[in-house]
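Take a look at the structure below.
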Amino acid sequence: MNDLLTTIARALVTKPEEVKVNQIDKGHTIVFELSVAPEDMGKVIGKGGKRAQAIRNVMKAKYLREGKRVVVDIVE
Numbered sequence: 125m126n127d128l129l130t131t132i133a134r135a136l137v138t139k140p141e142e143v144k145v146n147q148i149d150k151g152h153t154i155v156f157e158l159s160v161a162p163e164d165m166g167k168v169i170g171k172g173g174k175r176a177q178a179i180r181n182v183m184k185a186k187y188l189r190e191g192k193r194v195v196v197d198i199v200e
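Everything in the sequence shown is counted per our numbering, starting at 125 for the first residue and increasing by one.
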């Protein structure tokens, strides 16, 4: 289920082998913890957090039909 998030993150970073996604199911909420290399953190977040927000919107749209709430956390 987290293949989409992994694919998006790997396309943005310079060290794609360090991209890790941890999925936590909490009832109707799915929490994705995205971890990237420290030097790639800015590339994933983007200027003003615009890339991070776009990633969150794509993930929310994917799970909207299933009636699930999605949270994407970018962690170190």
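All C-beta atoms in this analysis are idealised placements derived from N, C-alpha and C, irrespective of residue type, glycine included.
| Item | Value |
| --- | --- |
| Whole-angstrom distance between H152 and K244, CA atom to CA atom | Since the first and last residues shown for the chain are 125 and 200, residue 244 lies out of range. |
| Distance CB(A133)-CB(V143) smaller than 7 Å | yes |
| K150 - containing beta strand (DSSP E), residue span | 144 to 150 |
| Closest by C-alpha distance to L129, when choosing among D149, L158, V137, T138 | L158 |
| R193: first and last residue of the uninterrupted beta strand (DSSP E) it sits in | 193 to 199 |
| Integer Cβ distance of V155 from N126, believed to fall under 8 Å | Contact flag wrong, Cβ pair sits at about 11 Å. |
| Exposure label - V168; buried when at least 16 CB within 10 Å | buried |
| Environment of V196 [buried if 16+ CB atoms lie within 10 Å] | buried |
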